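Numbering (the working numbering), first residue to last: 16 to 144.
For every residue, glycine included, the Cβ atom is placed at its ideal position computed from N, Cα and C.
Keep in mind it's a predicted model, so treat the numbers as computed, not measured.
Please read the structure below before turning to the comments.
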């Protein structure tokens, strides 16, 4: 017949000094695993709750400034986001002389359209995109 040993039956064959050190090692192992779980747990949670923000489309009215009157142009942005509450996006507006200024989009307002004013007195004549 097969016999199974219970922990009480198995321990008498182990010397008491070995039994104490085994208990100490088991406790140390449990403490080590708990400490590792506490250290790794937040990192795993943070990774699982990752965020993403992608600008999927950016377009603007092409404006040609041929006189000295200021003109408005519309700039449109579409985005795809995941687990993002507050965000800001800056878009460069360029003329024939290079960088002119920036259009701004944010979660606080103006999240898909910004109206930008081109004034030739400060920016010059030409095409803006």
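* For the beta strand (DSSP E) that contains residue 117, what are its first and last residues? -> Counting along the chain, the unbroken beta strand (DSSP E) around residue 117 starts and ends at 113-121.
* To do: Evaluate residue 37 with the Cβ neighbour count: other Cβ atoms within 10 Å of its Cβ, from every protein chain shown; 16 or more gives buried, anything less gives exposed.
  => Annotation note: pLDDT 49 at residue 37 (below 50); position unreliable, coordinate value reported separately. It is exposed - the Cβ of residue 37 has fewer than 16 other Cβ atoms within 10 Å.
* **Opening and closing residue of the beta strand (DSSP E) in which residue 67 lies** => Per DSSP, the continuous beta strand (DSSP E) segment holding residue 67 begins and ends at 67-75.
* **Separation of residue 119 from residue 80, as counted between CA atoms** => Using only the alpha carbons, I get a separation of about 22 Å.
* Asked: Thinking just about the alpha-carbon of each residue, which of 68, 123, 132, 139 is nearest to the one in residue 99?
  -> The option with the nearest alpha carbon to residue 99 is 68.
* To do: For residue 137, name the three-state secondary structure that DSSP assigns.
  => Reduced to three states, the DSSP call for residue 137 is helix.
* Does DSSP put residue 84 in a helix, in a strand, or in coil? -> In this structure, DSSP gives residue 84 a state outside helix and strand, which the three-state scheme calls coil.
* Close-in-space but distant-in-sequence residues of the same chain around residue 112 (CB under 6 Å, 5 per side omitted) -> Closer than 6 Å at Cβ, skipping near neighbours: 139.
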